[in-house]
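J.: Numbering (my numbering), first residue to last: 14 to 284. Note that the Cβ used here is the ideal one computed from N, Cα and C, for glycine as well. My structure is below; once you've seen it, I'll send some questions.
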Amino acid sequence: MSYEVTNFQQEVLEASRRTPVVVDFWAPWCGPCRMLGPVLERLAAEANGDWTLVKVNTDQHPEVSMQYGIRGIPAVKLFVDGEVVDEFTGALPEYAVRQWLEKALPSENKRRLEQAEAALEAGDPDTAEPLLRAVLAEEPTNPKAKVLLARILVFRDPDQAEALVDGADFAGPGYVQMAEAVKTLARLTRLQQHPDDLPDEPGRDTYRAALDALAERDFDTALARFIEVIQQHRYYDDDGARKACIALFTLLGPTHEITRKHRRTFDMSLY
């Protein structure tokens, strides 16, 4: 099968509005190109039409190469809706090309995740939850879907929320921090449901008030009470108030108005 381009406008720009197009910029004299080319062709054959491959000989199409800033080959660019959305240069091994394709190619689940994130940012977990469950039905180990769903469930079903993140292989510090926050908040939710388990020590009443506010999703009050515990009884519940504040700041994000309201007071209360 020939993948060589004959009409870039039609075969790449227009075609990419229907199906993602991977473009391999190469030349016959380029040794690494001859290594990468068969890998891309094999993966294109496996794709069953999910994406298509077009090869551009830079010697024969210098104007296209110049238009897309090709300075070294092989250069691979992914086109979606007529635009370059991702790219790499050099003869990557097959496993690395597969990883790049998995990350770069648009998919229904990526769309669902984007919609779920937008819904959560808008304070609409009811819209986000079915989208995340749909992703996990098809990709049970998807880390972003697991941690986002755990965020939704942590105050309603702490055991399920913790199970979603416990032992999961999260790549990237953001996932790891959110997973730890979910575990902390799940523990606090269970503690609120069984207040007799609270240590009978100074600070208990304020700590319980913080837990009650947390259960009501009144994060403003919860943080205020937890900070009060830090200031007066720092190590109550094994430094639980400090851990709770960090978990809530992680859950809300650094730019949330409640985080901005309490972060400075929290930081000062530690010293």
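1. Quick one, are the C-beta atoms of Tyr188 and Glu214 less than 8 Å apart?
2. Going straight from the alpha carbon of Ala150 to that of Tyr108, what length do you get?
3. Would Trp64 and Leu118 be called neighbours here (beta carbons separated by less than 8 Å)?
4. Using 10 angstroms around the beta-carbon of Tyr220, count the other beta-carbons present and answer buried if the total reaches 16, otherwise exposed.
5. Mind checking Asn20: buried by the 16 CB within 10 Å criterion, or exposed?
6. Short of 7 Å in beta carbon distance, which residues of its chain neighbour Val77, apart from the five on each side in sequence? Order them along the chain.
7. To the nearest angstrom, how far is it from the Cα of Pro267 to the Cα of Arg273?
8. Which parts of the stretch 101–175 are runs of the alpha helix (DSSP H), unbroken and 4 residues or longer, counting only runs that do not cross its ends?
9. In this structure, does DSSP put Glu229 in helix, strand or coil?
10. For Cys258, which residues of its own chain have a beta-carbon under 7 Å away from its beta-carbon, when the five flanking residues on both sides are left out?
11. Does DSSP classify Glu96 as helix, strand or coil?
12. Since Thr65 is in the beta strand (DSSP E), which residue starts that stretch and which ends it?
13. Check Leu91 in the structure and name its three-state DSSP category.
14. Buried or exposed: which applies to Asn122, given that a residue is buried once 16 or more other Cβ atoms fall within 10 Å of its Cβ?
15. Beta carbon of Val195, beta carbon of Val167: below 8 Å?
T.: Walking through what the data contain:
1. Here residue 188 corresponds to residue number 175 of the sequence shown, with the count starting at 1. Here residue 214 corresponds to residue number 201 of the sequence shown, with the count starting at 1. No, the pair does not count as a contact, with Cβ atoms beyond the cut-off.
2. On the sequence shown, position 137 is the one that residue 150 refers to. On the sequence shown, position 95 is the one that residue 108 refers to. So the two alpha carbons sit approximately 25 Å from each other.
3. One-based indexing of the sequence shown puts residue 64 at position 51. One-based indexing of the sequence shown puts residue 118 at position 105. Yes, the Cβ-Cβ distance between Trp64 and Leu118 is below 8 Å.
4. In the sequence shown, counting from the first residue as 1, residue 220 sits at position 207. Around the CB of Tyr220, 16 or more other CB atoms lie within 10 Å, so the residue is classed as buried.
5. As a position in the sequence shown, residue 20 is number 7, starting the count at 1. That one is exposed.
6. Here residue 77 refers to the residue found at position 64 of the sequence shown. Excluding sequence neighbours, Val77 sits near Phe21 and Val69.
7. Numbered from its first residue, the sequence shown carries residue 267 at position 254. Numbered from its first residue, the sequence shown carries residue 273 at position 260. Roughly 7 Å separates the two Cα atoms.
8. 107–117, 121–134, 138–151 and 156–166
9. Translated into positions along the sequence shown, residue 229 becomes position 216. The answer is coil: DSSP assigns Glu229 none of H, G, I, E or B.
10. In the sequence shown, the residue the question calls residue 258 occupies position 245. These residues qualify, in order along the chain: Leu236, Phe239, Ile240 and Phe279.
11. Here residue 96 corresponds to residue number 83 of the sequence shown, with the count starting at 1. Strand, per DSSP.
12. Here the question's residue 65 lines up with position 52 in the sequence shown. Its beta strand (DSSP E) spans residues Thr65 to Asn70.
13. Here residue 91 refers to the residue found at position 78 of the sequence shown. It is a strand residue.
14. The residue you call residue 122 lines up with position 109 of the sequence shown. Answer is buried; the Cβ neighbour count reaches 16.
15. Numbered from 1 along the sequence shown, position 182 holds the residue referred to as residue 195. Numbered from 1 along the sequence shown, position 154 holds the residue referred to as residue 167. In contact: Val195 and Val167 (Cβ atoms closer than 8 Å).
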